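J.: Residue numbers (my numbering): 83 to 372.
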Amino acid sequence: MLALLAAGAVFFPGLFLLSKRCLRRIPGLRWSEGDAVIVSARLVSSIQAVMASSAGYIIATSCKDIVEDQHWLTSSYILFAVPYFVYDIYAMFMCYWYKLWVKGHEMDSGPKAVGAVLSSYLRREFLMVLHHVVMVTVCFPVSVFWRQGKGDYFQGVMFLAELSTPSVCLGKILIQYKQQHTLLHKVNGGLMLVTFFICRVVLFPYLYYAYSRYASIPFYMVPFSVPWLWNLGAALLMAPQLYWFSLICRGAFRLFTGSSRNRHAHPTLCKDPLPPPANGYSAPGETSRH
83 MLALLAAGAV FFPGLFLLSK RCLRRIPGLR WSEGDAVIVS ARLVSSIQAV MASSAGYIIA
143 TSCKDIVEDQ HWLTSSYILF AVPYFVYDIY AMFMCYWYKL WVKGHEMDSG PKAVGAVLSS
203 YLRREFLMVL HHVVMVTVCF PVSVFWRQGK GDYFQGVMFL AELSTPSVCL GKILIQYKQQ
263 HTLLHKVNGG LMLVTFFICR VVLFPYLYYA YSRYASIPFY MVPFSVPWLW NLGAALLMAP
323 QLYWFSLICR GAFRLFTGSS RNRHAHPTLC KDPLPPPANG YSAPGETSRH
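(1) Enumerated in chain order, which unbroken segments of the alpha helix (DSSP H) with a length of 4 residues or greater are wholly contained in the stretch 177–265?
(2) Identify the continuous alpha helix (DSSP H) that holds Pro323 and give its terminal residues.
(3) Name the two residues that bound the continuous alpha helix (DSSP H) containing Ile120.
(4) Would you check whether the ligand ADP has a heavy atom nearer than 7 Å to the C-beta of Gln230?
(5) How about Phe241 and Gly138: are their beta carbons less than 8 Å apart?
(6) Taking DSSP as the reference, what is the three-state secondary structure of Thr350?
(7) Taking contact to mean at least 3 C-beta pairs separated by less than 8 Å, is the stretch 221–234 in contact with the stretch 86–95?
(8) Would you identify the three-state DSSP class for Ser158, choosing helix, strand or coil?
(9) I think Pro322 touches His214, with their Cβ atoms under 8 Å apart; what is that distance to the nearest whole Å?
(10) Does the separation of the CB atoms of Tyr203 and Tyr178 fall below 8 Å?
(11) What's the gap between the Cα of Val168 and the Cα of Leu252?
(12) DSSP three-state label for Leu111, please.
(13) Are the C-beta of Ala317 and some C-beta of chain B separated by less than 8 Å?
(14) In the DSSP assignment, find the alpha helix (DSSP H) that holds Phe306 and state where it starts and stops.
(15) Would you kindly work out how many angstroms separate the C-alpha atoms of Leu351 and Cys331, rounded to a whole number?
(16) From which residue to which residue does the alpha helix (DSSP H) around Phe286 run?
(17) Would a C-beta distance cut-off of 8 Å place Phe327 and Phe286 closer than the cut-off?
(18) Residues in the same chain with beta-carbon distance under 8 Å from Trp113, minus the five sequence neighbours each way, listed in chain order, please.
(19) Can you tell me whether DSSP reads Met83 as helix, strand or coil?
(20) Verify whether the separation of the beta carbon atoms of Val126 and Ala173 is less than 8 Å.
(21) Between the beta-carbon of Thr264 and the beta-carbon of Leu256, is there less than 8 Å?
(22) Just checking my contact of Arg103 with Lys254 at CB under 8 Å: how many whole Å lie between their CB atoms?
(23) According to DSSP, is Ile148 part of a helix, a strand, or is it coil?
(24) Report the rounded CA-to-CA distance for Pro165 versus Ile129, giving the unit in angstroms.
(25) Distance check for Gly110 and Gln237, CA to CA, integer angstroms please.
(26) Assuming contact is defined by CB atoms lying nearer than 8 Å, are Leu155 and Met83 in contact in what I supplied?
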């Protein structure tokens with residue numbers, strides 16, 4: 083257990099530093115430190131998403147009995163990935179810091195300036211930071227200890243929620259560098275809308291549907307047939323996904339209608355409100371990453 087936690091704690095920050103260094107050394111790019119930090123953070127998030135999705139696919143397709151069957155990769159990947167959520171809080175802060183620098187804010191490195199930026203960061207990204215903290219302090223122990231080896235199939239399906247993350251990360255990069263006019267941004271926006279809806283919104287009713295088939299009960303009876311904590315966990319974890327999906331829908335509407343009037347009327351909507359990866363290892367009992 084400790085070895086996997088240590089491996090994750092070394093892998094994700096190490097990958098971030100390595101990618102940042104490599105990006106700065108690519109001939110012709112001439113990226114600043116801020117550019118490299120922002121793109122590296124998104125790259126690490128995308129790599130983690132691919133790893134989590136791959137693990138989830140292997141687990142879900144290997145479990146025939148969706149409650150009793152176990153797969154060694156389930157707990158192993160949870161232990162390996164939990165340090166990512168700690169690292170990502172720091173990575174998001176660094177991205178926020180350099181975004182302020184890019185926007186022309188005065189960037190003093192003194193303690194007061196750092197404290198002011200940190201306070202602003204926590205206010206703006208409160209929901210995302212809270213999500214990551216809950217993942218580490220609640221979902222991690224629930225997934226590893228409370229489940230007692232049951233429901234690996236549900237855990238694997240939860241990992242598949244990360245399939246939407248690469249398109250979210252690419253969208254953030256394109257917005258950061260004002261590439262909203264490109265075909266790539268429009269294609270990625272459509273892909274983001276579809277994958278986020280399927281992987282993070284439809285995911286919840288699907289898990290209830292899968293259990294209804296397993297238990298041979300009507301779909302509408304599932305909430306009354308499982309412990310109330312499962313329903314509470316599902317509601318709490320689904321709520322931010324619905325909020326983020328509403329922001330994606332608003333962004334998609336602006337993107338595909340090309341309404342400049344709306345962009346001028348609502349300048350705050352032009353920011354990149356989309357979350358980094360989430361829901362990497364939520365317990366099946368808390369059927370909810372980022």
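The beta-carbon is built from N, C-alpha and C at its ideal position, and this holds for glycine as well.
These numbers were taken from a predicted model, which means no experiment stands behind them.
T.: A quick look at the data gives this:
(1) Listed in chain order, they are 193–206, 208–216, 234–241, 247–258.
(2) First, the amino acid is wrong: residue 323 is Gln here, not Pro. First-last of the alpha helix (DSSP H) with Gln323: 310–339.
(3) For Ile120, the enclosing alpha helix (DSSP H) starts and ends at 115–144.
(4) The ligand ADP is absent from the structure shown, which contains no ligands of any kind.
(5) Yes, Cβ-Cβ distance for Phe241 and Gly138 is below 8 Å.
(6) Residue confidence is low: Thr350 scores 35 on pLDDT, short of 50, so the model does not pin down where it sits. Its coordinate-derived value is still stated next. In the three-state DSSP reduction, Thr350 falls in the helix class (H, G or I).
(7) Here the stretch 221–234 makes no contact with the stretch 86–95; the two share fewer than three CB pairs at distances below 8 Å.
(8) Reduced to three states, the DSSP call for Ser158 is helix.
(9) By a beta-carbon distance limit of 8 Å, Pro322 does not contact His214. Their separation comes to about 11 Å.
(10) Tyr203 places its beta carbon less than 8 Å from that of Tyr178.
(11) Taking the straight line from one Cα to the other gives about 22 Å.
(12) Coil at Leu111, not helix or strand.
(13) No chain B appears in this structure, which consists of one protein chain only.
(14) Segment 304–307, the alpha helix (DSSP H) holding Phe306.
(15) Below a pLDDT of 50, predicted positions are generally treated as unreliable, and Leu351, at 33, falls in that range; no measurement from the model is reported.
(16) Boundaries of the alpha helix (DSSP H) around Phe286: 285–297.
(17) The answer is no: Cβ separation not under 8 Å.
(18) If you ignore the 5 residues before and after Trp113, its C-beta comes within less than 8 Å of the C-beta of Leu105, Arg106, Val121, all in its own chain and listed in chain order.
(19) In the structure shown, the three-state DSSP call for Met83 is coil.
(20) Closer than 8 Å, so yes.
(21) Yes, the pair counts as a contact, with Cβ atoms nearer than the cut-off.
(22) Between Arg103 and Lys254 the beta-carbon gap is near 21 Å, outside 8 Å, which marks them as no contact.
(23) Coil, per DSSP.
(24) Cα to Cα, the separation comes out at about 14 Å.
(25) For the pair Gln237 and Gly110, the Cα-to-Cα distance works out to about 43 Å.
(26) The answer is no: Cβ separation not under 8 Å.
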